[in-house]
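Colleague: Would you mind keeping the following structure in view while I ask a few things?
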Amino acid sequence: MQCKISARPAQLEDLEVLLDLESLRRKSYEVYSPIFWAEAEQAREAQREYFRELLSAKNENAIVRVAEESGRIMAFAIGYIANSPAVYREQKVCFVDDFPIAADASWDTHGRAALEAVESEAIRRGATLTNVVCAQQDLKKRDFLRKRNLAVASEWWVGPIKGDR
4 MQCKISARPA
14 QLEDLEVLLD
24 LESLRRKSYE
34 VYSPIFWAEA
44 EQAREAQREY
54 FRELLSAKNE
64 NAIVRVAEES
74 GRIMAFAIGY
84 IANSPAVYRE
94 QKVCFVDDFP
104 IAADASWDTH
114 GRAALEAVES
124 EAIRRGATLT
134 NVVCAQQDLK
144 KRDFLRKRNL
154 AVASEWWVGP
164 IKGDR
């Protein structure tokens, strides 16, 4: 028997689970890019306050959705609606930065449910473009995004500043 996957708006009661998922993502990213993704000592507390603000509806541009299976949160996505920069064709963009998942094997199920829920609300708010942040070595997520016909538009190159390179 296959369990049903559903998506819904995140609630304040979901906060600790969201923090757990985000912490797992940071730890995996830190393994291959320790300069950029190095976790701050107070990371969880800082993120708790940030997420609490998003979940208490103080940020009306944010869209926070969770994907659940059997009542357990398996993924979440946070989108922000913003206008494109003035130098580009004018459109509303849904920027998705925080988008972790409990199990890499479930991007096509849990990840899809969370992202589609954010995009659905973004469309309702007038967005016409999705911009999803994905780390270079997050290969399963990258594959999932490619399957959704998203394309790499930018990359960040990171390194310590030194006098002579």
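Here the sequence shown stands for residues 4 to 168, where the numbers follow the working numbering. Where a beta carbon is used, it is the ideal one built from N, C-alpha and C, also for glycine. All of these numbers come straight from a predicted model, not from anything done at the bench.
Who pairs with Pro-12 in a beta bridge, going by DSSP?
Modeller: DSSP lists Arg-68 as partners of Pro-12.
Colleague: What did DSSP end up calling Asp-114 once you bin it into helix, strand or coil?
Modeller: One point to set straight first is that residue 114 is Gly, not Asp, in the sequence displayed. The answer is helix: DSSP assigns Gly-114 an H, G or I state.
Colleague: By Cβ distance, which residues of its chain are closer than 8 Å to Asp-146, with the 5 residues on each side in sequence left out?
Modeller: Closer than 8 Å at the Cβ level, and outside the excluded window around Asp-146, lie Trp-110.
Colleague: Can the beta-carbon of Val-1 be found less than 7 Å from the beta-carbon of Arg-75?
Modeller: Given a span of 4 to 168 for the chain in the structure shown, any question on residue 1 remains unanswerable.
Colleague: Using a Cβ-Cβ cutoff of less than 8 Å, which residues in the same chain neighbour Ala-108 once the five nearest sequence positions on both sides are dropped?
Modeller: Closer than 8 Å at Cβ, skipping near neighbours: Lys-143.
Colleague: Would you identify the three-state DSSP class for Ala-85, choosing helix, strand or coil?
Modeller: Ala-85: strand per DSSP, three-state reduction.
Colleague: Which same chain residues, not among the five before or five after Glu-119, have their C-beta less than 8 Å away from its C-beta?
Modeller: Ala-10.
Colleague: What residues in its chain sit with their C-beta under 7 Å from that of Cys-137, if we drop five residues either side in the sequence?
Modeller: Counting only Cβ-Cβ distances below 7 Å, and skipping sequence neighbours, we find Lys-144, Arg-145 and Leu-148.
Colleague: I'd like the list of long-range same chain contacts for Phe-102, defined as Cβ closer than 6 Å, with 5 residues on each side in sequence excluded.
Modeller: For Phe-102, where only same-chain residues beyond five positions count, the Cβ hits under 6 Å are Ala-80.
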